[in-house]
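Asker:
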Amino acid sequence: MPNDRLSRTSRRPIRVSFEFFPPKTPEMEETLWRSIERLSPLQPTFMSVTYGAGGSTRERTHSTVARMVKETDIQPAAHLTCVSATREEVDAVVDSYREAGVRHIVALRGDPAGGVGAAFEPHPGGYASTADLVAGIRRRAPEIEMSVSAYPEKHPESPSVDADFDVLKAKVDAGATRAITQFFFDNNHYLRYVDEARKRGIHIPIIPGIVAVSNFKQTANFATKAGASVPDWFAARFEGLENDPSTRQLVAAAVAAEQVLDLVDHGVKDFHFYTMNKADLVYAVCHLLGVRPEVGAAAKAAAA
Ligand code: FAD
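Numbering-wise, the UniProt record's numbering puts 52 at position 52 of the sequence shown, and it's gapless, one number per residue.
Shown next as structure tokens:
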């Protein structure tokens with residue numbers, strides 16, 4: 001009997017996007033571009049490049065998106081944060097993205113200089129909040145597509161779920177056209193969050209951010225800081241595999257596939273993958289979603 005779930009994905013128009021971080025060394029750059037070459041034939045809606053804390057990767061983010069414009073046929077999205085920067089500095093980055101041909105910005109506040117958990121103080125000459133940043137970019141670059149963050153399990157700094165929705169609504173009112181969520185492992189958090197957002201008049205697409213976990217311990221640490229819960233049943237899947245990376249990799253693909261296919265069953269059609277600059281797991285999960293290169297491109301991708 002055919003697997004009904006899989007046959008349904010092949011009939012649905014599933015769209016994917018991929019997030020990368022700017023490389024620090026020539027070796028990391030090689031890994032990144034191998035991953036981009038492997039994932040590009042899947043024709044993602046966009047490929048985004050993060051912006052290091054406090055603007056620490058400004059040049060590297062810029063050069064990575066500029067190279068994407070030149071060397072791929074996929075629209076890049078450049079992340080930009082406003083923490084610890086003046087308006088003029090942020091505006092100059094917006095201008096440089098536009099000059100490089102970038103037409104999509106992921107606009108964020110960024111973590112406070114003291115790190116996650118420290119109190120956020122807007123720069124005296126800077127944008128006061130993400131909504132303020134979104135409005136500033138919208139005025140400066142009306143043609144720019146603008147994505148923002150969303151937190152299905154509440155941002156760690158947020159006093160309440162209500163406050164979180166108010167922030168998202170303000171970002172939408174200022175001109176954001178898409179939200180991308182923090183990663184999560186329990187789909188109920190995402191589904192409830194989207195329902196609640198709709199009830200509150202937030203109607204932009206809210207794309208689930210998916211992380212395929214190849215290093216459970218590292219991801220669990222990161223999840224704690226990011227305010228994403230790690231359910232016991234999820235942790236149990238990786239138990240006993242601490243010294244067995246190859247089995248962990250197989251389990252990771254199975255677990256991520258289970259998560260995305262369940263979301264497909266709930267009608268989700270767009271997925272944003274946090275790739276960690278590695279293509280293999282994400283490529284496998286996309287394959288299961290029915291997202292595949294066109295014939296001919298497949299052989300090229302496998303060789304990359
Ligand atoms: P906002 O959406 O403005 O706020 C998030 C929540 O924090 C709000 O809902 C609100 O409840 C609370 N909050 C905000 N400001 C205050 C305040 N002054 N007082 C009390 N509560 C407040 N970080 C990077 O450095 N570079 C990146 O490239 C990057 N990319 C990201 C991409 C995605 C899809 C996501 C989900 C996060 C990303 N981050 C990145 C992390 C992000 O910068 C941090 O989570 C940061 O702490 C909040 O930025 P934001 O734009 O999400 O904030």
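Even for Gly, the Cβ is constructed at its ideal location relative to N, Cα and C.
Name the two residues that bound the continuous beta strand (DSSP E) containing Y274.
Answerer: Your numbering for residue 274 matches position 274 in the sequence shown. 270–274 is the span of the beta strand (DSSP E), which, as asked, contains Y274.
Asker: Look at F46 and P76 and say whether their C-beta atoms are less than 8 Å apart.
Answerer: For the purposes of this step, residue 46 is taken as residue 46 along the sequence shown, with counting starting at 1. For the purposes of this step, residue 76 is taken as residue 76 along the sequence shown, with counting starting at 1. With contacts defined as CB atoms closer than 8 Å, F46 and P76 qualify as a contacting pair.
Asker: So, is N221 buried or exposed, given that buried needs 16 or more other C-beta atoms within 10 angstroms?
Answerer: Sequence index remark: in the sequence shown, residue 221 carries index 221 (1-based). The residue is exposed, with fewer than 16 neighbouring Cβ atoms inside 10 Å.
Asker: Do you know offhand how far D195's Cα is from G209's?
Answerer: Here residue 195 corresponds to residue number 195 of the sequence shown, with the count starting at 1. Here residue 209 corresponds to residue number 209 of the sequence shown, with the count starting at 1. Cα-Cα distance, rounded: 17 Å.
Asker: For M1 and V255, what's the separation of their Cα atoms in angstroms?
Answerer: Locating residue 1 in the sequence shown gives position 1, counting from the first residue. Locating residue 255 in the sequence shown gives position 255, counting from the first residue. Bear in mind that a pLDDT of 38 at M1, under 50, signals an unreliable position, so the number given afterwards is only what the model happens to contain. Cα to Cα, M1 sits roughly 23 Å from V255.
Asker: Quick one: is S7 buried, meaning 16 or more other Cβ sit within 10 Å of its Cβ, or exposed?
Answerer: Looking up residue 7 in the sequence shown gives position 7. Because the pLDDT at S7 is just 48, under 50, the model does not fix this residue reliably, and the value given afterwards should be weighed accordingly. Exposed, since its Cβ has fewer than 16 Cβ neighbours within 10 Å.
Asker: Among the residues of its own chain, which have a CB less than 7 Å from the CB of L32, if the five just before and after it don't count?
Answerer: The count along the sequence shown starts at 1 and reaches residue 32 at position 32. Here the set comprises F20, P23, N277.
Asker: Is P231 close to chain D, meaning its C-beta is less than 8 Å from at least one C-beta of that chain?
Answerer: Chain labels in this structure do not include chain D; a single protein chain is all it has.
Asker: Could you check which residue in V83, A212, R67 has the C-alpha nearest to that of E55?
Answerer: Here the question's residue 55 lines up with position 55 in the sequence shown. Per the sequence presented here, residue 55 reads as Gly, with Glu not at that position. Among V83, A212, R67, the Cα nearest to that of G55 is on V83.
Asker: Going by DSSP in three states, G126 sits in which element: helix, strand or coil?
Answerer: Working through the sequence shown from its first residue, we reach residue 126 at position 126. The answer is coil: DSSP assigns G126 none of H, G, I, E or B.
Asker: For the ligand GDP, any of its heavy atoms closer than 7 Å to the Cβ of R109?
Answerer: In the structure shown, the ligand GDP is absent; the only ligands present are the ligand FAD.
Asker: Taking the beta strand (DSSP E) that L108 belongs to, which residues open and close that run?
Answerer: Position 108 of the sequence shown, counted from the start, is the residue given in the question as residue 108. Per DSSP, L108 belongs to the beta strand (DSSP E) from 104–108.
Asker: I need the DSSP call for residue 308, collapsed to helix, strand or coil.
Answerer: Here the chain covers residues 1 to 304 and nothing more, so residue 308 does not appear.
Asker: Express the C-alpha separation of V49 and V65 in angstroms, rounding to a whole number.
Answerer: Your numbering for residue 65 matches position 65 in the sequence shown. Your numbering for residue 49 matches position 49 in the sequence shown. Cα to Cα, the separation comes out at about 7 Å.
Asker: Among the residues of its own chain, which have a CB less than 6 Å from the CB of S17, if the five just before and after it don't count?
Answerer: The sequence position of residue 17 within the sequence shown is 17, counting from 1. Taken in chain order, the residues that qualify are P44, T45, F46, H272.
Asker: Tell me whether R200 sits in a helix, a strand or coil according to DSSP, three-state version.
Answerer: Against the sequence shown, residue 200 aligns to sequence position 200. Looking at R200 - three-state DSSP - the assignment turns out to be coil, as it is neither helix nor strand.
Asker: Can you check whether the CB of E157 is closer than 8 Å to the CB of S229?
Answerer: Counted from its first residue, the sequence shown places residue 229 at position 229. Counted from its first residue, the sequence shown places residue 157 at position 157. Not closer than 8 Å, so no.
Asker: For a quick check, are the C-beta atoms of A197 and F234 less than 8 Å apart?
Answerer: Along the sequence shown, read from residue 1 onward, the residue named residue 197 stands at position 197. Along the sequence shown, read from residue 1 onward, the residue named residue 234 stands at position 234. No. Outside cutoff.
Asker: Would you list, in sequence order, the uninterrupted alpha helix (DSSP H) runs of no fewer than 4 residues that lie entirely inside the stretch 149–235?
Answerer: 161–174, 187–199, 216–226
Asker: Shortest alpha-carbon distance to H189 belongs to which of R138, V161, A53, R200?
Answerer: Along the sequence shown, one-based indexing puts residue 189 at 189. For H189, the closest alpha carbon among the candidates R138, V161, A53, R200 is that of V161.
Asker: Between I202 and the ligand FAD, is there a pair consisting of the residue's CB and a ligand heavy atom that are separated by less than 7 Å?
Answerer: On the sequence shown, residue 202 is found 202 positions in, with the first residue counted as 1. Incorrect: I202 has no Cβ contact closer than 7 Å to the ligand FAD.
Asker: Leaving aside the five residues before and after G115 along the sequence, list all residues of the same chain whose C-beta is less than 7 Å from its C-beta, in chain order.
Answerer: Within the sequence shown, residue 115 is the residue found at index 115, counting from 1. So no residue of the chain qualifies.
Asker: Name the DSSP bridge partner or partners of V49?
Answerer: Translated into positions along the sequence shown, residue 49 becomes position 49. F20, A78, per the DSSP bridge assignment.
Asker: Whole angstroms is fine: what's the gap from P231's alpha carbon to Q259's?
Answerer: Against the sequence shown, residue 231 aligns to sequence position 231. Against the sequence shown, residue 259 aligns to sequence position 259. Those two C-alpha atoms are separated by around 13 Å.
Asker: Are V148 and V102 close, meaning C-beta to C-beta below 8 Å?
Answerer: Within the sequence shown, the letter at position 148 stands for residue 148. Within the sequence shown, the letter at position 102 stands for residue 102. No, they are not a contact pair.
Asker: Closest to L250 by C-alpha separation, out of F216, D262, T61, would be which residue?
Answerer: Working through the sequence shown from its first residue, we reach residue 250 at position 250. If we check each option's Cα against that of L250, F216 comes out closest.
Asker: May I have the straight-line CA-CA distance separating Y151 from T130, to the nearest angstrom?
Answerer: Numbered from 1 along the sequence shown, position 151 holds the residue referred to as residue 151. Numbered from 1 along the sequence shown, position 130 holds the residue referred to as residue 130. Cα to Cα, the separation comes out at about 14 Å.
Asker: Helix, strand or coil for R292, going by three-state DSSP, please let me know.
Answerer: Indexing the sequence shown from 1 puts residue 292 at position 292. Of the three classes helix, strand and coil, the one that applies to R292 here is coil, per DSSP.
Asker: Roughly how far, in whole angstroms, is the beta-carbon of R98 from the beta-carbon of A141, given that I think they are within contact range, below 8 Å?
Answerer: Looking up residue 98 in the sequence shown gives position 98. Looking up residue 141 in the sequence shown gives position 141. Correct: roughly 6 Å between the Cβ atoms.
Asker: Looking at the ligand FAD, does it come within less than 7 Å of V106, judged from the CB to the closest heavy atom?
Answerer: For the purposes of this step, residue 106 is taken as the residue at position 106 of the sequence shown. Within the cutoff, so yes.
Asker: Report the three-state DSSP secondary structure of S56 (helix, strand or coil).
Answerer: Within the sequence shown, numbered from 1, the residue matching residue 56 stands at position 56. Reduced to three states, the DSSP call for S56 is coil.
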